[in-house]
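Each remark here refers to the structure printed beneath this line.
Residue numbers (my numbering): 20 to 426.
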């Protein structure tokens, strides 16, 4: 028995657990090196789960550029990516004074990138895990689950549907937690583009499970030729994943709806969107992602034809009649696209329900949906930036095998 075990071994596990819950994650990691007993306790899945419930939740995750040209939409490379956490404190009236909580060490830097230069986007975050996809510029199909707090990253196995197996495709990814099986899952909806009759092509669906570290195909009762924006943000709410989807109907118009996938039952359903104009082919070009707003979903209806950005919030999840237009903004201004008055797109919500807007020149602005007040965050964004509520966790700390790498 080591000296540390002799010194601290008299403390019951209940007291140790309470003490560990009060410590910052970096200190908890240090404690795993104190004794085998502590290491076993901290890496126990039950402790990791209970720690998550006690973890600091008032954080915002930002994925930001480090090169000036990136804010104009040039695709960044992995060695220039910056991830940082900021405090999201409702008690602070001046959000611009929020201090940086920490800057996250990105695991892909330096000479190791010479053979392969990944270009990542953040698919989503859930319980401290970042789901990264290296699919911005080509059919690479490399995915990672990354927990920066414990400095662990897992490269997922290759999916079943790839360019090599099925030819060209469009794919949409969503990531979330299945409370029924206590498992983290990624869902990939793939629409093939090399079929002879696109109208009859039903998307293929595969699900990745962190528990099994495997992909498997799922039978999906989707309508033919569902169109999902593979790059637009999606939403994980109430144990289900949500996409904005549209499909062509017989009269040539497009039927828009929210596609819902229950992670526990692994079945699809549809949810109606708020009443919108009937879109013809000429007005089809939309950037209208689904986002998470508190415990429900929001719909960013960004119509480039009318130059309007409408932000709809479902006040009561699952109740179609509760869709409410929370904000309506004009996307044009006399100052041009570099003006801070020019709205490029809505990026995401804070945990308290405020929305982050990407303005001209890449400036990020926080907008309160209730008071309509806006505040400059003092942050320059770019086309591939990402903002989401974040919680620190110990997820992946107990995954010593199955390809999890500590950096």
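Using N, Cα and C, we set each Cβ at its ideal position, and we do this for glycine too.
- Task: Would you mind giving the Cβ-Cβ distance between residue 206 and residue 173, rounded to the nearest angstrom? I have them listed as a contact below 8 Å.
- Result: The residue given as residue 206 occupies position 187 in the chain shown. The residue given as residue 173 occupies position 154 in the chain shown. Incorrect: roughly 17 Å between the Cβ atoms, too far for contact.
- Grab the span of the alpha helix (DSSP H) containing residue 56 for me, first residue to last. Within the chain shown, the letter at position 37 stands for residue 56. Where residue 56 is concerned, the enclosing alpha helix (DSSP H) stretches over 55 to 61.
- Residue closest to residue 332, alpha-carbon to alpha-carbon, out of 171, 153, 285 and 312: Locating residue 332 in the chain shown gives position 313, where the first residue counts as 1. When only C-alpha atoms are compared, the closest one is 312.
- Task: Classify residue 437 as helix, strand or coil using the three-state DSSP reduction.
- Result: The chain is shown only over 20 to 426; residue 437 falls outside these bounds and no answer can be derived.
- With contact counted as at least three CB pairs below 8 Å, one residue from each stretch, are the region 52 to 59 and the region 408 to 416 in contact? The count of Cβ pairs closer than 8 Å, one atom from the region 52 to 59 and one from the region 408 to 416, stays below three, leaving the stretches out of contact.
- Query: Counting pairs of Cβ atoms below 8 Å between the region 358 to 376 and the region 274 to 286, do you hit three or more?
  - Reply: no
- Could you tell me how far apart the beta carbons of residue 367 and residue 310 are, in whole angstroms, since I believe they sit closer than 8 Å? Position 348 of the chain shown holds residue 367. Position 291 of the chain shown holds residue 310. Contact flag correct, Cβ pair sits at about 6 Å.
- Are the region 219 to 239 and the region 288 to 296 touching, with three or more C-beta to C-beta distances below 8 Å? no
- Is the Cβ-Cβ distance between residue 170 and residue 426 less than 8 Å? Reading the chain shown from its first residue, position 151 is the one you call residue 170. Reading the chain shown from its first residue, position 407 is the one you call residue 426. Yes, they are a contact pair.
- Task: Could you tell me the distance, in whole angstroms, from the CA atom of residue 144 to the CA atom of residue 195?
- Result: Position 125 of the chain shown, counting from 1, holds the residue named residue 144. Position 176 of the chain shown, counting from 1, holds the residue named residue 195. The alpha-carbon atoms of residue 144 and residue 195 are separated by roughly 8 Å.
- Just checking my contact of residue 158 with residue 184 at CB under 8 Å: how many whole Å lie between their CB atoms? One-based indexing of the chain shown puts residue 158 at position 139. One-based indexing of the chain shown puts residue 184 at position 165. Actually they are not in contact, since the Cβ atoms of residue 158 and residue 184 sit about 11 Å apart, beyond 8 Å.
- Return yes when the Cβ of residue 258 is within less than 8 Å of the Cβ of residue 198, no when it is not. Stepping through the chain shown from its first residue, residue 198 is reached at position 179. Stepping through the chain shown from its first residue, residue 258 is reached at position 239. Yes, they are a contact pair.
- Item | Buried/exposed call for residue 428, threshold 16 Cβ in 10 Å | Outside the displayed range of the chain (20 to 426) lies residue 428, so it cannot be described from this structure.
- For residue 167, collect the residues of the same chain with a Cβ closer than 6 Å to its Cβ; drop the 5 residues on either side in sequence, then sort them by chain order. Counted from its first residue, the chain shown places residue 167 at position 148. Answer for residue 167: 123, listed in chain order.
- Query: Once you ignore the five residues that flank residue 33 on each side, which residues in its own chain have a CB closer than 6 Å to its CB?
  - Reply: Here residue 33 is taken as the residue at index 14 of the chain shown, counted from 1. Answer for residue 33: no residue qualifies.
- Just checking, does the region 67 to 80 make contact with the region 380 to 389 on the three C-beta pairs under 8 Å criterion? no
- Query: With distances taken between CB atoms, is the gap from residue 273 to residue 264 smaller than 8 Å?
  - Reply: Counting from 1 along the chain shown, the entry for residue 273 is found at position 254. Counting from 1 along the chain shown, the entry for residue 264 is found at position 245. No.
- Message: Which residue wins for smallest C-alpha separation from residue 414, given the options 47, 236, 385 and 64?
- Response: The sequence position of residue 414 within the chain shown is 395, counting from 1. Residue 64 is the option with its Cα nearest to residue 414.
- For residue 315, the residue or residues it bridges with in DSSP: Sequence index remark: in the chain shown, residue 315 carries index 296 (1-based). Paired residue(s): 312.
- Message: Rounded to whole angstroms, what is the Cα-Cα separation between residue 175 and residue 233?
- Response: Working through the chain shown from its first residue, we reach residue 175 at position 156. Working through the chain shown from its first residue, we reach residue 233 at position 214. C-alpha separation (whole angstroms): 8 Å.
- Message: Going by DSSP in three states, residue 274 sits in which element: helix, strand or coil?
- Response: Along the chain shown, one-based indexing puts residue 274 at 255. Of the three classes helix, strand and coil, the one that applies to residue 274 here is strand, per DSSP.
- Query: Taking C-alpha atoms, which residue in 317, 152, 342 and 346 lies nearest to residue 328?
  - Reply: Numbered from 1 along the chain shown, position 309 holds the residue referred to as residue 328. Measuring from the Cα of residue 328, the nearest candidate turns out to be 346.
- Whether residue 308 touches residue 252 by CB criterion (8 Å): The residue labelled residue 308 in the question sits at position 289 within the chain shown. The residue labelled residue 252 in the question sits at position 233 within the chain shown. A distance below 8 Å separates the beta carbons of residue 308 and residue 252.
- Going by beta carbon distance, what residues of the same chain come within less than 6 Å of residue 51, once the five residues before and after it are set aside? Against the chain shown, residue 51 aligns to sequence position 32. Cβ within range, chain order: 58 and 61.
- Item | As assigned by DSSP and simplified to three states, the class of residue 397 | Translated into positions along the chain shown, residue 397 becomes position 378. If DSSP states are grouped into helix, strand and coil, residue 397 belongs with the strands.
- Helix or strand or just coil, what does DSSP make of residue 367? Translated into positions along the chain shown, residue 367 becomes position 348. The answer is strand: DSSP assigns residue 367 an E or B state.
- Task: Under the assumption that residue 139 contacts residue 150 (Cβ atoms under 8 Å), give the Cβ distance between them as a whole number of angstroms.
- Result: Here residue 139 refers to the residue found at position 120 of the chain shown. Here residue 150 refers to the residue found at position 131 of the chain shown. With a Cβ gap of about 10 Å, residue 139 and residue 150 do not count as contacting.
- Within the region 171 to 203, note down every full beta strand (DSSP E) run reaching 3 residues or more, in order along the chain. The qualifying runs are 171 to 174 and 188 to 197.
- Task: Taking only the alpha-carbon atoms, compute the straight-line gap between residue 247 and residue 221 and give it to the nearest angstrom.
- Result: Locating residue 247 in the chain shown gives position 228, where the first residue counts as 1. Locating residue 221 in the chain shown gives position 202, where the first residue counts as 1. Going by the C-alpha atoms only, they are around 12 Å apart.
- Selection from 378, 374, 382 and 379 that minimises the alpha carbon distance to residue 79: In the chain shown, counting from the first residue as 1, residue 79 sits at position 60. Of 378, 374, 382 and 379, the residue nearest in Cα terms is 374.
- Message: Considering only DSSP beta bridges, list what residue 290 is partnered with.
- Response: Translated into the one-based positions of the chain shown, residue 290 becomes position 271. DSSP, once it has assigned bridges, lists 277 as partnering residue 290.
- Query: For residue 350, which residues of its own chain have a beta-carbon under 6 Å away from its beta-carbon, when the five flanking residues on both sides are left out?
  - Reply: Counting from 1 along the chain shown, the entry for residue 350 is found at position 331. Once the five neighbours on either side are set aside, the close Cβ partners of residue 350 are 326, 328 and 362.
- Does the beta-carbon of residue 29 have 16 or more other beta-carbons within 10 angstroms, so that it is buried, or is it exposed? Residue mapping note: residue 29 aligns to position 10 of the chain shown, counting from 1. With fewer than 16 other Cβ atoms within 10 Å, it is exposed.
- Item | Per-residue DSSP class, three states only, for residue 225 | Sequence index remark: in the chain shown, residue 225 carries index 206 (1-based). DSSP places residue 225 in strand when its eight states are reduced to three.
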